[in-house]
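Using my numbering, the letters of the sequence shown correspond one by one to residues 35 to 719.
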Amino acid sequence: MSMAAMFDTAREFTLSAADSASRLVDMRPLQISEIRAMLNSGTEREVRVGLQSLFSLIANGTDTRELFAEVVKNVTSSDFTVRRMVYAYLEKYSDYEPELALMTINGIQKTLASNQSPVARAMALRAIASIKVISISSIVGMAISEAANDLSPIVRIACCQAIARCYSLDSSMGPELLGVLEGLLNDSNDPAVSGWALAVLATSFPNRLDYLHKPWRRLCSSLVSFDEWCQTVSLPFMVKYARHFMSEQDPDVKRLLEGAKPLLHSMNSAVVVETAAVYFYLASTEDFDQYNVAPALVCLKQTELTLQNLEVLVTARPHSFERYLSYFYLSPLDNSDTRVLKLRMISNITNSSNFSAIFQELQYYSHLLEDGRSLTAVMQCLASCATKTPAKVSSVIKWLLTAIASDKRPVLVSQALMALRFVLQQESQDQETRHRASALHQLGKALDNSDLPPDALATTLWLVGEYCREQPALATEVLRKQLKQLAQQPAEVRLQIIQLGAKLYSQYLSEPSRFDARVPKFFEHAIYLGRYDSNYDIKDKVRMFQVLLNDNEHELATLMIQARKPPPMFVRPEEEFKFTLDSGSLSVGHNLTGYMSLEPWGNNGDPADREDDVVVEPTAQTTSISKNTVHREVPMSKLKEKVKAVSLAEFLESSSAEESDDEESSEADDSSDAADDDFDEDSDV
Numbered sequence: 035m036s037m038a039a040m041f042d043t044a045r046e047f048t049l050s051a052a053d054s055a056s057r058l059v060d061m062r063p064l065q066i067s068e069i070r071a072m073l074n075s076g077t078e079r080e081v082r083v084g085l086q087s088l089f090s091l092i093a094n095g096t097d098t099r100e101l102f103a104e105v106v107k108n109v110t111s112s113d114f115t116v117r118r119m120v121y122a123y124l125e126k127y128s129d130y131e132p133e134l135a136l137m138t139i140n141g142i143q144k145t146l147a148s149n150q151s152p153v154a155r156a157m158a159l160r161a162i163a164s165i166k167v168i169s170i171s172s173i174v175g176m177a178i179s180e181a182a183n184d185l186s187p188i189v190r191i192a193c194c195q196a197i198a199r200c201y202s203l204d205s206s207m208g209p210e211l212l213g214v215l216e217g218l219l220n221d222s223n224d225p226a227v228s229g230w231a232l233a234v235l236a237t238s239f240p241n242r243l244d245y246l247h248k249p250w251r252r253l254c255s256s257l258v259s260f261d262e263w264c265q266t267v268s269l270p271f272m273v274k275y276a277r278h279f280m281s282e283q284d285p286d287v288k289r290l291l292e293g294a295k296p297l298l299h300s301m302n303s304a305v306v307v308e309t310a311a312v313y314f315y316l317a318s319t320e321d322f323d324q325y326n327v328a329p330a331l332v333c334l335k336q337t338e339l340t341l342q343n344l345e346v347l348v349t350a351r352p353h354s355f356e357r358y359l360s361y362f363y364l365s366p367l368d369n370s371d372t373r374v375l376k377l378r379m380i381s382n383i384t385n386s387s388n389f390s391a392i393f394q395e396l397q398y399y400s401h402l403l404e405d406g407r408s409l410t411a412v413m414q415c416l417a418s419c420a421t422k423t424p425a426k427v428s429s430v431i432k433w434l435l436t437a438i439a440s441d442k443r444p445v446l447v448s449q450a451l452m453a454l455r456f457v458l459q460q461e462s463q464d465q466e467t468r469h470r471a472s473a474l475h476q477l478g479k480a481l482d483n484s485d486l487p488p489d490a491l492a493t494t495l496w497l498v499g500e501y502c503r504e505q506p507a508l509a510t511e512v513l514r515k516q517l518k519q520l521a522q523q524p525a526e527v528r529l530q531i532i533q534l535g536a537k538l539y540s541q542y543l544s545e546p547s548r549f550d551a552r553v554p555k556f557f558e559h560a561i562y563l564g565r566y567d568s569n570y571d572i573k574d575k576v577r578m579f580q581v582l583l584n585d586n587e588h589e590l591a592t593l594m595i596q597a598r599k600p601p602p603m604f605v606r607p608e609e610e611f612k613f614t615l616d617s618g619s620l621s622v623g624h625n626l627t628g629y630m631s632l633e634p635w636g637n638n639g640d641p642a643d644r645e646d647d648v649v650v651e652p653t654a655q656t657t658s659i660s661k662n663t664v665h666r667e668v669p670m671s672k673l674k675e676k677v678k679a680v681s682l683a684e685f686l687e688s689s690s691a692e693e694s695d696d697e698e699s700s701e702a703d704d705s706s707d708a709a710d711d712d713f714d715e716d717s718d719v
């Protein structure tokens, strides 16, 4: 490097620093007109500052499409920083101005053909592929074909990304692009290239599983070297391939499990979830525990999407997560959605050994939480836990009855009654009479409390009526008291009082000797009051009971009214867990367009189609597509000899000699200003 070039560079740095310092004094953002004037100026520094100000406006959400022509005309700038910003602007706004974007093709092609910087060639390839004009798809395809043979992995990665864009623009080029993609997929020199090729194959050609036959074993061993985004896209595709072409005991499945093991420690939550899906769909329960999938999942940041996927795993394999129960305890920073998901998972991993700890924790939550959704989830979790530990049902019922009688929060009382209903309906036959008798008597006493909210009062009346055959005297007394104040009750309570009378009367018609003789009169009075009710639903119910509960033909009414009712739905239906992990359909709870379900094990492939994993030693790489420019690698032994302390005079002398050699080689290639471009590009990179 000559002294003049060093002084010019120092001058540029000084001007840039002064410009930055002046902007710290005046923080007023530039207007569109000022940026346009800077872009139209003839100096590289003004253009660069204008583009930087332009991207500041873009970052703030300002629409800058009106400057498209002024920006893209600088695509041939000798300043690499300017070209890089022009390429980024072109990728963002080429969809809005496709015709104006065509004026940049010649400059981009020149960069692809002659620029020695792989970063510049990669950005140029991405820029030309982002122009969504179908008439240039052949030009883009030609650029992709040439870039696929570039020996720089940066350019080959950009080639993979350009294939996806070109295919979305013109699907008729699919066969040609697949041929290029196959070569990139079989690239054994750089795992990052094959990773991007696999990601593009999975997103653009999801049905071409056969392209994984040859590189399968090499891809499994190089998963850890893939880009994180490629890992999240490629792992589901590899699971699909394994389920279609292999059996559960295939050694190549084991190869994938071993290759994915380091990804469980990734810093990206999406990668960890997709890796867990590999073991969930391909490994047995023993292997799932052996590879320590559960601890990797519970240590993730507990976002709603992560917990939705974790719930599927906890529901399917609760024993793997039992030891990590404390990770699902609620935090004061959790929102209501996170609390609901955590409580569902707690109910799934409940057993007799950890019930006491969970019961104490849920009692604490019931006193601490205030929002209705969280309290509902707590009561549902408690009811689900109680049904899984029959020996602890009496303790749960006792606590629920205490909460119903003493707590003043309407939401908690209502949800405690729903939980009590769930527990009583889920009990086994030998336990139901003992627990229900005490529970119904305490509920009968609670009905005398005028502070019960309407929905809690309605639920209590429903429970008394549902089990009136077991406690006929209690049910009759409750009906007598409630008929006195029927007119003052809300509609939902009035309906339950009339239904209680109908249930009692149907039981009386079946077994008159077990019930009070006043039951028919109570029923007649309830029908009379309901006939003149202002609510039309109650009137319809009254008419139905009058027709069904006929003294002569009451068998049908008995079957309808006395039939066992299903318990409330506290557990998510299995249909919601049918979607694959980390899919959009799982997040929204229904099938989305483009969703592909997991295939059953097919064993449709031949292991001979999959080649052995061969490690290829890296070769010398070129820095340009041109065959004349080759990067000469220096052995490490010679590098050690060169790396030694030198004086400033020796350094400047050697730099001048190297610069003269570069100028001679550039003159031979007929590119006189390539040396200045290289200095600017390398310094910016």
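All C-beta atoms, glycine included, are put in the ideal place defined by N, C-alpha and C.
Query	Result
Between the CA atoms of Leu243 and Leu212 - distance to the nearest angstrom	12 Å
Status (buried if at least 16 other CB within 10 Å, exposed otherwise) for Ala304	buried
Beta-carbon gap between Ala231 and Cys254 smaller than 7 Å	no
Buried versus exposed, by CB contacts within 10 Å (16 or more), Glu395	buried
Host alpha helix (DSSP H) of Met137 (start-end)	From DSSP, Met137 is part of no alpha helix (DSSP H); its letter is neither H nor E.
Length of the line joining the Cα atoms of Ser631 and Val622	15 Å
N- and C-terminal bounds of the alpha helix (DSSP H) containing Ile92	Glu78 to Ala93
C-alpha distance - Met578 paired with Thr510, whole-angstrom precision	22 Å
Euclidean distance between Cα positions of Ser171 and Asn369	49 Å
Simplified DSSP state of Glu675, which is helix, strand or coil	Any answer about Glu675 is weak, because its pLDDT of 42 lies below 50 and its placement is not dependable; what the coordinates show is given next. Helix, per DSSP.
Boundaries (first-last residue) of the alpha helix (DSSP H) holding Ser390	Phe389 to Leu402
Short Cβ contact (7 Å threshold) for Thr494 with Leu513	no
Best match in Asp574, Ala536 and Thr319 for proximity to Phe556 [C-alpha to C-alpha]	Ala536
Val116 in three-state terms, based on DSSP	helix
Nearest to Leu520 (by Cα), restricted to the options Tyr539, Leu434 and Ile572	Ile572
Buried or exposed by the 16-neighbour rule on C-beta atoms within 10 Å, applied to Thr309	buried
Closest Cα partner of Leu291 within the set Ala317, Asn302, Phe279 and Val306	Ala317
Three-state class that DSSP yields for Ala182 in the structure shown	coil
Rounded separation between Ser568 and Asp574 - CA only	11 Å
Beta-carbon proximity of Val81 to Leu73, cut-off 7 Å	yes
Unbroken alpha helix (DSSP H) run spanning Gln265, endpoints	Glu262 to Phe279
DSSP state of His247 mapped onto helix, strand, coil	coil
Ser151 to Thr145 span [Cα, whole Å]	9 Å
Among Val327, Leu297 and Ser408, the one whose alpha carbon lies nearest that of Ser256	Leu297
Pairwise C-alpha distance: Leu344 and Glu504	43 Å
Inter-residue spacing [alpha-carbon to alpha-carbon] between Arg548 and Ala507	9 Å
Contact between the segment 350 to 366 and the segment 382 to 397 (3+ Cβ pairs under 8 Å)	yes
Buried/exposed call for Lys674, threshold 16 Cβ in 10 Å	Annotation note: pLDDT 38 at Lys674 (below 50); position unreliable, coordinate value reported separately. Result: exposed.
Same chain, Cβ closer than 8 Å to Ala44, neighbours up to 5 away in sequence not counted	none
For Arg378 and Ser365, the rounded distance between their alpha carbons	15 Å
Ala490 vs Val445 beta-carbon contact at 7 Å	no
Whole-angstrom distance between Ala411 and Arg373, CA atom to CA atom	8 Å
Backbone secondary structure at Trp496 - three-state DSSP	helix
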